[in-house]
Amino acid sequence: MRTHGNKEFWLAALRADGPAFRAAVAEADPAARVPSCPEWTVAELTGHLTASYRWVTGHVGRAVTTAPEPRPAGVEPATVAEFDERYAALMSTFDALDPEMPAWNWAPQSKKVAFWQRRMAHETAVHRWDAQMAVGMTEPLEAKLAADGVTEVLDTLLPAGRGKCPADRQGMVALSATDLEQTWHVRLRANGGVALLDTDTLLDDDDLHERAVAQGTASDLQLALWGRVGFDLLILTGEERLFECLRVG
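In the working numbering, the protein residues as written are 60 to 308.
Quick look at the structure:
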């Protein structure tokens, strides 16, 4: 299975999307609603990402695989200055840490700092897009980062229980990034589970009996999985209702 991520890759993404997020929220009215997250104002979106950075910075510095105290519930507004402080602290911490260092996470993944470097890169990229929606100037997610983001949804978030798939929706689904010539094959199981197939082990003559296929740019695929755009933005064939099983936002 093709992957794009490592520490340098994810930190480069954070260095691009963090300042882009900041620029958008600095331009926007803090009280304005975020179209892609209508339950939040711009100040609350800023607060959500700022709080995420604060919690992750404190957690990864523990260098243990035991669960930390849970994050406080709810979202508090934050200023651009508060975001700047927590973003700088996160980047300084990530720069200093070996991605192989131990760090607990909530997913069926290795308990290492790399998990959080990847998670924060995608959290920031999607919320950068949200912030830009608030000022009407969205830019696509970077293609290789978005491809890794699609993989993260399929190999981390869905197996951790983030999706909701009715038991009657089963079968093989394929997602194809047309700008990268990369395809993901996903099996929806009768118990509501989701399994990402390792494409490196598939043979050219394997018949996957795909019941649904979605094609689009890597950015549009990731944004659809996160509920930021509709699946109807993609080229769909087969049983379109199966794609709802892959949404995590």
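All C-beta atoms in this analysis are idealised placements derived from N, C-alpha and C, irrespective of residue type, glycine included. Quantities reported herein were computed from a predicted structural model and do not represent experimental measurements.
By alpha-carbon positions, which one of Ala82, Asp207, Asn65, Pro199 ends up nearest to Leu156? Asn65
I need the straight-line Cα distance from Gln191 to Cys304, nearest angstrom please. 27 Å
What did DSSP end up calling Asp264 once you bin it into helix, strand or coil? Confidence is the limiting factor: at Asp264 the pLDDT is only 48, short of 50, which leaves the residue's position unreliable, though a coordinate-based value still follows. Coil.
Could you give the residue range of the beta strand (DSSP E) that holds Val245? 241 to 247
Which term fits Asp264, buried or exposed, when burial requires 16 or more other beta carbons within 10 angstroms of its beta carbon? Below a pLDDT of 50, predicted positions are generally treated as unreliable, and Asp264, at 48, falls in that range; no measurement from the model is reported.
Among Ala102, Leu108, Arg306, Asp88, nearest to Glu211 - alpha-carbon criterion: Arg306
Taking its Cβ as the centre, do 16 or more other Cβ atoms sit within 10 Å of Pro94, making it buried, or is it exposed? exposed
Specify the secondary structure class of Lys66 as computed by DSSP and reduced to three states. helix
Opening and closing residue of the alpha helix (DSSP H) in which Arg187 lies: 172 to 193
Mind reading off the beta-carbon distance from Gly29 to Gln281? Whole number of angstroms is fine, and I expect it under 8 Å. A question about residue 29 goes unanswered here, because the residues of the chain that appear run from 60 up to 308.
The alpha helix (DSSP H) enclosing Glu298, as first and last residue numbers: Element bounds for Glu298: n/a, residue is neither H nor E.
Endpoints, beta strand (DSSP E) assigned at Gly275: 269 to 275
Starting from the C-beta of Ala173, find all residues in its chain whose C-beta is less than 6 Å away, skip the five residues before and the five after it, and write them out in chain order. Pro158
Which residues does DSSP list as the beta-bridge partners of Pro94? Beta-bridge pairing links Pro94 to no other residue.
Leaving out five residues on either side along the sequence, give the residues of the same chain with a beta carbon under 6 Å from the beta carbon of Leu295. Ala273
How should Ser151 be labelled, buried or exposed, when 16 other C-beta atoms within 10 angstroms of its C-beta is the threshold for buried? exposed
For the candidate residues Leu70, Arg145, Ala72, Gly222, whose alpha-carbon lies nearest to that of Gly106? Arg145
Roughly how far, in whole angstroms, is the beta-carbon of Ala166 from the beta-carbon of Trp175, given that I think they are within contact range, below 8 Å? Not really, about 11 Å apart at Cβ, beyond 8 Å.
Could you give the residue range of the beta strand (DSSP E) that holds Ser235? 230 to 236
What is the DSSP secondary structure of Pro161, counted as helix, strand or coil? strand
Euclidean distance between Cα positions of His186 and Ala147: 17 Å
Can you tell me whether DSSP reads Ala254 as helix, strand or coil? strand
Per-residue burial, Ala193 [other beta carbons within 10 Å of its own, 16 or more giving buried]: buried
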